[in-house]
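Engineer:
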Amino acid sequence: MQETAEKDETMKLAKLVATNKNARESLEEDGAEGDEQRGGNIYDLPELVCLKIRHVGGQLDGEGVASFEDGHMYKGMLSNGLMNGLGILTLENGLKYEGEFVHNMPTGQGTYTWPDGSTYTGEVYRGKRHGRGSYRCAKHGASYVGQWYQGKRHGEGAVYYNEDKTSWYKGDWVMDDRQGSGVRRYPSGNTYSGEWKNNMRHGEGTMSWVKLGQQYEGKWEHGVQHGLGRHIWILKRADISQYFQSNQYKGDFIEGQRHGEGTFYYAGGAIYEGGWKNNKKHGQGKITATDGRVFKGELVDDRLTIPGLDGTRTPTSYGVFHALESDSSVLGPDMALSIDHVLEKIPERKREAERKQVEAVVMRENTELRSIYRFYSRLGCPPSSDNTFMLTRLQFWRLLTDCNIHRHGVTLTQVDRITRDKVSSAEIHSPFTPLLLREFLSRLVMVAFYIYNKDMMSEKHLLASCVAKLITEDILPNATKVEGFLFRQPEFALEALKYTKRCWDVFEAFCQVSTSHRGEKTMTSRQFLWMFKDLRLFDHQLTTATVMEIITAEGWDSNNHSSFLELEITFLEFFEALLVCAEVKGQQVCDAPGDQVPLRSDDRIRGTLMEADEKESSHQQTGHDQDVKSGQEVKSQEMPHFTDHSEHQTEGQDVVQSRVERRILMTRQFFDQSFFPAVDHHQFVTREMRKTSTPQNQNFLISSSRKLLRHLN
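Numbered as in my numbering, the sequence shown ends at 732 without a single skipped number.
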C-alpha cells in the first residue's frame, strides 16, 4: 500500500508540471483584421494647388457663383474673384466641401461629403483635414473623432471600426498609425490597454481575453508578449471553490511564449520555479507541492528526467524529484506550515516534536482560522463569481492591527521583516503581495514566537505555547472586529482602494532607503510630516499636532516625540492617515453645520471622527456570519467601535448611505483636487530645480510653487 501511494503521488506531480501548456493564446482577433482595414479606409482629398476660374456669375466681390477649368463648381462669398468666406465647392468627381475659404483654399471650419455619403466635419487647412475633426465612412460605418495633421490621423483620437461601436481604439496616433498609449477593444470583446508602435502592441501593456478567461500584463514587442510579464488564468468557480488564487505565470516571455526563467502559481497552492523553453518547463526547476513539501529536479519539454547508467538524463512520463523536505503533517495541504527558520531557534532534538505540537494547535483552531482568513481576504473586494479571494499584505496588516499586535511593542514594519522569508527588499513592504492560507498561518507562527518566546521559556513546547497564546488571547477575541478608516464600510472601501496604486507610488517616492535593513525603502512619521510640509497641505485645522494624532490614532504614544518621529509606518498606516486627512479637509467645506465634526485639541482624532459616524455604521461582519466564530463578544476598547445598533437599524439606513456618500465625496476631492495635484507639482518643481543651477531660477520656481499650492489649498 505504501508503494502504491508513493507511485500515485509521483504521478500527481508529473501531471502537475505537465498542465497549463496553453499560455500562448492566438493574438489574432476574430474580425479584427477586417475591422482595421475598414477603419483605415480614410478617403484622401484631392490636391487643390491651383484653381483657375473659368467663369464668374455675378460680381467679383460678394456672393456669387464660379466655375473652374477642371470642372469644379463654387457658390458662396467672393473677394477679388477668389473664394473667400463661407461657400460650397463641388468637385468634378462629386466630392463636396461646405465651409470657410481663404484665397481659393478650404481653410477653417468645414464639412466634406463624398459621393457615397462619407463625411468629414472639423478643422481644415489648405484643403486638408488639419486640427480636430470627425470622419465617418458610410460604406462600413467606421468613424474617427480626434486630431488630424495634413490629412492624417495624428495626436489623440478614437476610431470606431463598426456601426454599433463594439470594436474601437482610443488613444494616440502618429500619421495614421496607432502609436503611443491607447486602448483597443476587439470584436470578440477582448481588450488591450497599453503602448503601441506602428499599429502593433509594443511596450508595456495589458491584454484581457474574455472568452478564454485570461489576462497578460507586461512587455510586448511587435504584437506579442516579449520580456517580463504575468499571465493569469481567471478561474470561474462556484461558491464551493476551495482555491484561494487563480493559475498564473510570472517570468520571461520570448515571442509570445514562456521562455527563460519563470514561476507558475497553481490555483491549488502548488508552485513551480525554474526554467522554461517554448512554453514548456525545461531545465532545472523546483516544485513546492500543495502539502508544503519541496522537490527539485531537471525537466525536458515538460517531462521530468532521471539519470541513466551512462550519465545522461532520460525523459520519463513521471520521473523522480530529489526531496529537499518531506514529512507527514496532520494539516491539510493548503494549511501546511513553512516555519523552518523559526524551528532553527529551537534545539535540533526538539524540532520535530515542536512542529507536530504547533500543527496540533493550528488544527485545533482550524475552523476559526479559516473563517478569519476568508473574512479578511474579502475586505474591500467586490463580489466575485469565482470565489477566489486571496489575502493581501494590506488586509493582513489590518488583521494584525485589529488584534492589537502593535501593543506588544512590535510595529507592522517589523512584522514584515520577521516574516519576510525569501521576499526581495523591493517587495517586503508591498501592500499588494498575496498570501495563501498556509503562508498566512506560517506568518502567525513567526509573529507568535517573536512576541511571546521570552514569556514561554519555561514551557515544555516553547513554540507551540507561543502560538496557542497568540491565537487564544490576541487573534480569536479580536479578529473580524474591523477598526481603522479604510475597511469599516464596504462601499467606502471599494471607492477608496481605487487610489491605492497611485498612493503607493507616492509612498515609495517619499520613502528613504534604510541602511540598516538590507536597503529597504521605509517611511517614518517624521518623513510623513515632512511630506505634508513639502506639499504645503498643513492649514489652521490640519496642523502638525493633528496629523501626529491621526498617525497614532490606533494606540501609539505621540507624547514621546523622539520615538514617535522615528516610528516606521506601513502603507496601511500611511493610506489610512490620508483618508482621515481627507475627512478633516472635507469638514472645512461642509455646508450643513450639523454635519460637521469639530476637531478639538484635547480630543483624539480617531475617537472624534468615529463618534460622528458611530450611529450610522454597521459591523462589516454582517454578511459573513458563516465565517466568524459564534458567540464572540464585542471588543471593549477606549476608542468607539462600529457595531450594529438595533435601536437605530430602521431609521439609520438613509443616514448611513448619506454619510458614506459624503465620505466618498470628501475622499475624491482630497485626492483629485488637493493631494495628487500637490504631488505632481512638487515632482515637477523638483525635476526643474535639478536641471537649473542658478539661484534666481530656483527662487522663481519656489515662489511659483508656493503660489500654486496656496491656490490648490
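Ideal placement from N, C-alpha and C gives every residue a C-beta, glycine not left out. Small disclaimer: the values here were computed from a predicted structure and weren't measured.
Please report how far the alpha carbon of W192 lies from the alpha carbon of M219, in whole angstroms.
Structural biologist: 12 Å
Engineer: Just to confirm the assignment, what range does the alpha helix (DSSP H) spanning S461 have?
Structural biologist: 456-471
Engineer: Tell me the DSSP bridge mates of Q542?
Structural biologist: The residue asked about is misnamed: residue 542 is Met in this sequence, not Gln. Answer by DSSP bridge pairing, in chain order: I588.
Engineer: According to the neighbour-count rule (16 or more other Cβ atoms, all chains shown, within 10 Å of its Cβ), is S8 buried or exposed?
Structural biologist: Because the chain in this structure spans residues 20 to 732, residue 8 falls outside the shown range and cannot be described.
Engineer: With DSSP as the reference, label V75 as helix, strand or coil.
Structural biologist: strand
Engineer: Counting C-beta neighbours from all protein chains within 10 Å, is the total for H480 16 or more, i.e. buried, or is it exposed?
Structural biologist: buried
Engineer: Have a look at G100, Y268, V121, V675 and flag the residue whose alpha-carbon is nearest the alpha-carbon of Q508.
Structural biologist: Shortest Cα-Cα distance from Q508 to any of G100, Y268, V121, V675 involves V675.
Engineer: Can you give the beta carbon distance from W228 to N209, rounded, assuming they're within the 8 Å contact cut?
Structural biologist: 5 Å
Engineer: For Q303, name the three-state secondary structure that DSSP assigns.
Structural biologist: strand
Engineer: Using the C-alpha atoms, what's the distance from R249 back to N266?
Structural biologist: 11 Å
Engineer: In the structure shown, what three-state DSSP assignment does K552 receive?
Structural biologist: helix
Engineer: Please check the pair L460 and L388, which I expect to be a contact at CB under 8 Å, by giving their CB distance rounded to whole angstroms.
Structural biologist: That belief holds up - the Cβ atoms of L460 and L388 are roughly 7 Å apart, short of 8 Å.
Engineer: Take the Cβ of P134 as the centre, count every other Cβ of all protein chains shown within 10 Å, and call the residue buried at 16 or more, exposed below.
Structural biologist: exposed
Engineer: Need the endpoints of the alpha helix (DSSP H) that E527 sits in, please.
Structural biologist: Following the DSSP letters along the chain, one finds E527 inside the alpha helix (DSSP H) bounded by residues 519-529.
Engineer: Check for me: the beta strand (DSSP E) holding S449 runs from which residue to which?
Structural biologist: Counting along the chain, S449 falls outside any beta strand (DSSP E), and DSSP gives it neither H nor E.
Engineer: Confirm, please, whether the CB-CB distance from Q606 to M476 is below 9 Å.
Structural biologist: no
Engineer: Return yes when the Cβ of D195 is within less than 9 Å of the Cβ of H221, no when it is not.
Structural biologist: no
Engineer: What residues in its chain sit with their C-beta under 7 Å from that of F87, if we drop five residues either side in the sequence?
Structural biologist: L70, K71, I72, R73
Engineer: What residues match up with N103 in a beta bridge as DSSP calls it?
Structural biologist: Per DSSP, none; premise fails for N103.
Engineer: Less than 8 Å between C-beta atoms, sequence neighbours within five positions excluded: which residues of the same chain meet that for E175?
Structural biologist: G165, Q166, G190, D191, W192
Engineer: Kindly indicate which residue of L456, E458, V377 has the alpha-carbon position closest to the one of K488.
Structural biologist: V377
Engineer: What three-state label does DSSP hand E66 in the structure shown?
Structural biologist: coil
Engineer: Can you check whether the CB of R462 is closer than 9 Å to the CB of A355?
Structural biologist: no
Engineer: Span of the beta strand (DSSP E) holding R220?
Structural biologist: 219-228
Engineer: To the nearest angstrom, report how far apart R706 and F120 are at their CA atoms.
Structural biologist: 46 Å
Engineer: With a threshold of 8 Å, are at least 3 pairs of Cβ atoms found where one atom belongs to the stretch 414-433 and the other to the stretch 509-523?
Structural biologist: no
Engineer: What is the residue span of the beta strand (DSSP E) that A395 lies within?
Structural biologist: The identity of residue 395 in the sequence shown is Tyr, whereas the question assumes Ala. Here Y395 belongs to no beta strand (DSSP E); instead the alpha helix (DSSP H) covers 385-396.
Engineer: Alpha carbon to alpha carbon, how far is G90 from E182?
Structural biologist: Distance between the alpha carbons of G90 and E182 is about 35 Å.
Engineer: According to the neighbour-count rule (16 or more other Cβ atoms, all chains shown, within 10 Å of its Cβ), is Q198 buried or exposed?
Structural biologist: buried
Engineer: So, under 8 Å CB-CB, Y211 and G224 are touching, yes? Tell me the CB distance rounded to an integer number of Å.
Structural biologist: 6 Å
Engineer: Measure the alpha-carbon distance for G293 versus R393 and round it to whole angstroms.
Structural biologist: Answer to the nearest angstrom: the Cα atoms are 31 Å apart.
Engineer: Please go through the same chain and pick out, in chain order, the residues whose beta-carbon is closer than 7 Å to the beta-carbon of L110, but skip the five residues on each side of it.
Structural biologist: P65, H91
Engineer: Determine the contact status of D435 and T589, defining contact as a CB-CB distance below 9 Å.
Structural biologist: Contact flag set, yes.
Engineer: Whole-angstrom Cβ separation of L482 and E373, contact assumed at under 8 Å?
Structural biologist: 5 Å
Engineer: Can you look up Y131 in the DSSP assignment and give me helix, strand or coil?
Structural biologist: strand
Engineer: Buried or exposed: L513, going by 16 or more other Cβ atoms within 10 Å of its Cβ?
Structural biologist: exposed
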